[in-house]
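Mind the numbering: the sequence shown is residues 4 to 167 in the numbering used here, read in order. Yeah, the Cβ is synthetic: ideal placement off N, Cα and C, and Gly gets one too. Right, one structure below, let's go through it.
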Amino acid sequence: MDSAEPKLTDTGTAGVIARPPLLFLAALLIGFVLDRLLPLSFPVPGGDLVYWSIGGSLILIGLAIFAAGVRNFLRAGTPIPTNEPTRALVTTGINGWTRNPIYLGMFLIYGGVGVAAQSSWLLILTLPLAIAIRYGVVAREEAYLERRFGDAYRDYKARVRRWL
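Here's what the structure looks like:
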């Protein structure tokens, strides 16, 4: 596993608003509660087979991307939880394609569940969830990684897109 090994200048953490899996879980739970309390019709034409096929495909692709991101972090010996200091800047493998493979995978899984469950609320809640992840998690992580890894992270950021 290749990972950049720059001089570490910050040993704190990113200080994200909440652990990302908890944000996704909260959005799922809120969406399912809203489905029960304020049901909305699902605006996408198709039958159960179409919804399950599309949703299942998104879930499988999301799981693969998520697992590749986790595997990269584990191989580099850097923790995945956002409340622990990052030990290595992982820039290869799936991280050479997207800077946030774990979150990208989570979004695909979340969207897949929304489509498979035919939940308009889950799909509507994607926007506030994306805003929370982008500004409450990713922006803080990026600022932290710039402090921690300096030019190595800035170079990586210039080479690799945030999402796709």
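Buried versus exposed, by CB contacts within 10 Å (16 or more), residue i
i      : result
GLY15  : exposed
ASN98  : buried
VAL141 : buried
TYR138 : exposed
GLY50  : exposed
PRO84  : exposed
ALA146 : exposed
GLY80  : exposed
TYR156 : buried
LEU61  : buried
LEU26  : buried
Bounding residues of the alpha helix (DSSP H) (the contiguous stretch that carries residue i)
i      : result
LEU130 : 129-134
LEU148 : 142-152
Cβ-Cβ distance between residue i and residue j below 9 Å
i      : j      : result
ILE64  : LEU111 : yes
PHE177 : ILE105 : Missing from the structure shown is residue 177; the chain here goes from 4 to 167 and no further.
PRO131 : ALA30  : yes
THR129 : GLY117 : yes
LEU92  : LEU52  : no
ALA67  : GLY115 : no
GLY18  : ARG143 : yes
TRP166 : ASN103 : yes
TYR159 : THR94  : yes
SER123 : SER44  : yes
GLY59  : ALA119 : yes
ILE134 : PRO23  : no
GLY96  : ALA70  : no
Item to check | Sequence ranges, alpha helix (DSSP H) only - wholly within the stretch 31-110, length at least 4 | outcome: Counting whole runs of 4 or more residues, the stretch 31-110 contains the alpha helix (DSSP H) stretches 51-79.
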